[in-house]
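Structure first, commentary second.
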Amino acid sequence: MKHITCIEDLRERHRRNVPKAFFDYCDRGSYAEETLRANREDLQAIKLRQRILVDVSKRDPSTTILGEPASLPLILAPVGLTGMQYGDGEIHACRAAQAAGIPYTLSTMSICSIEDVAANVDKPFWFQLYVMKDRGFIKALIERAMAAKCSALVLTVDLQVIGQRHADIKNGMTVPPEWSLSKLVDFASKPAWVA
Numbered sequence: 020m021k022h023i024t025c026i027e028d029l030r031e032r033h034r035r036n037v038p039k040a041f042f043d044y045c046d047r048g049s050y051a052e053e054t055l056r057a058n059r060e061d062l063q064a065i066k067l068r069q070r071i072l073v074d075v076s077k078r079d080p081s082t083t084i085l086g087e088p089a090s091l092p093l094i095l096a097p098v099g100l101t102g103m104q105y106g107d108g109e110i111h112a113c114r115a116a117q118a119a120g121i122p123y124t125l126s127t128m129s130i131c132s133i134e135d136v137a138a139n140v141d142k143p144f145w146f147q148l149y150v151m152k153d154r155g156f157i158k159a160l161i162e163r164a165m166a167a168k169c170s171a172l173v174l175t176v177d178l179q180v181i182g183q184r185h186a187d188i189k190n191g192m193t194v195p196p197e198w199s200l201s202k203l204v205d206f207a208s209k210p211a212w213v214a
């Protein structure tokens, strides 16, 4: 990580280290990706104002989020299938967030279970819950999150219409997955990821 100087460096490293289908899953959006582009443009428009000739020796960006102290006004948002990008990805992400002093939100669509993450981290984390028709399944997820001592429940309400992810369709990211020789070669070219 010594030579990582910006987010784009991390993105490029990720692209080189995982199979194309998994990179595209993480990097791309739904339909024509208009919302993804708009979000990226909005984030790029945010500029931090540099202060000069001001005493900054006692900076304190800490805050409280949902009654919990946070070292920064940031939250690690839920990302589905993080463990697909890196083995035990959700556990590593939660540990990193906790080390940075910010909340971590485990996705409903995680590879690692709520119980696995809870058993491998020091503090409670948040759990993201998709609102679905199967109320029994939802109730069971909430009970599991409570048993794991999750400190917040983050509701996601946009699952009524699942966005069509064009890159995923082209990459065969379906259930069951579509396998081809080119996909097998792509996987084989990423031995560290396969391991």
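Numbering (the working numbering), first residue to last: 20 to 214. The beta-carbon is built from N, C-alpha and C at its ideal position, and this holds for glycine as well.
Identify every residue that forms a DSSP beta bridge with W212. In the sequence shown, the residue the question calls residue 212 occupies position 193. Answer is none; W212 lacks a bridge partner.
Please say whether R35 and A186 have beta carbons closer to each other than 8 Å? As a working note, residue 186 is residue 167 in the sequence shown. As a working note, residue 35 is residue 16 in the sequence shown. No; because the gap between Cβ atoms is not below 8 Å, this pair is not in contact.
Alpha helix (DSSP H) segments (min. 4 residues) lying fully within the region 144 to 184: 154 to 166
Whole angstroms is fine: what's the gap from E197's alpha carbon to T175's? The count along the sequence shown starts at 1 and reaches residue 197 at position 178. The count along the sequence shown starts at 1 and reaches residue 175 at position 156. Straight-line Cα distance between these residues: approximately 29 Å.
With 16 other CB atoms within 10 Å as the buried threshold, where does F41 fall? Looking up residue 41 in the sequence shown gives position 22. Buried, since its Cβ has 16 or more Cβ neighbours within 10 Å.
Three or more beta-carbon pairs under 8 Å between the region 97 to 113 and the region 133 to 143, yes or no? yes
Residues near P1 by beta carbon distance below 8 Å, same chain, minus five either side: The shown model of the chain, from 20 to 214, leaves out residue 1, and the question about it has no answer.
Which partner residues of Y123 appear in the DSSP bridge assignment? Stepping through the sequence shown from its first residue, residue 123 is reached at position 104. For Y123, which the question treats as bridged, DSSP gives the partners L95.
Would you report the Cα separation of A89 and R68, rounded to the nearest angstrom? Looking up residue 89 in the sequence shown gives position 70. Looking up residue 68 in the sequence shown gives position 49. As the crow flies, the alpha-carbon of A89 is around 22 Å from that of R68.
Give a yes or no on contact between the region 162 to 170 and the region 137 to 154, applying the rule of three or more CB pairs nearer than 8 Å. Touching, per the Cβ criterion.
List the DSSP bridge partners of T82. Taking the sequence shown and counting its residues from 1, the one referred to as residue 82 is at position 63. T82 pairs with A89.
Does the Cβ-Cβ distance between Y123 and L100 come in under 8 Å? To locate residue 123, count along the sequence shown from 1; it is residue 104. To locate residue 100, count along the sequence shown from 1; it is residue 81. At the C-beta level, Y123 and L100 stay beyond 8 Å of one another.
Would you tell me roughly how many angstroms separate the C-alpha atoms of T193 and I121, rounded to the nearest one? Against the sequence shown, residue 193 aligns to sequence position 174. Against the sequence shown, residue 121 aligns to sequence position 102. If you draw a straight line from the Cα of T193 to the Cα of I121, it is about 33 Å long.
Would a C-beta distance cut-off of 8 Å place D141 and Q117 closer than the cut-off? Taking the first residue of the sequence shown as position 1, residue 141 is located at position 122. Taking the first residue of the sequence shown as position 1, residue 117 is located at position 98. One thing to note: D141 has its Cβ within 8 Å of the Cβ of Q117.
Please identify the residue among T127, A51, I161, E87 whose C-alpha is closest to the C-alpha of P97. In the sequence shown, the residue the question calls residue 97 occupies position 78. Answer by Cα proximity: T127.
Assign A164 to buried or exposed, taking buried as 16 or more other Cβ atoms, counted over all protein chains shown, within 10 Å of its Cβ. To locate residue 164, count along the sequence shown from 1; it is residue 145. Label assigned to A164: buried.
If you run the structure through DSSP and keep just helix, strand and coil, what is L203? Numbered from its first residue, the sequence shown carries residue 203 at position 184. L203: helix per DSSP, three-state reduction.
Leaving out five residues before and five after E53 in sequence, what residues of the same chain have Cβ atoms less than 7 Å from its Cβ? On the sequence shown, position 34 is the one that residue 53 refers to. So no residue of the chain qualifies.
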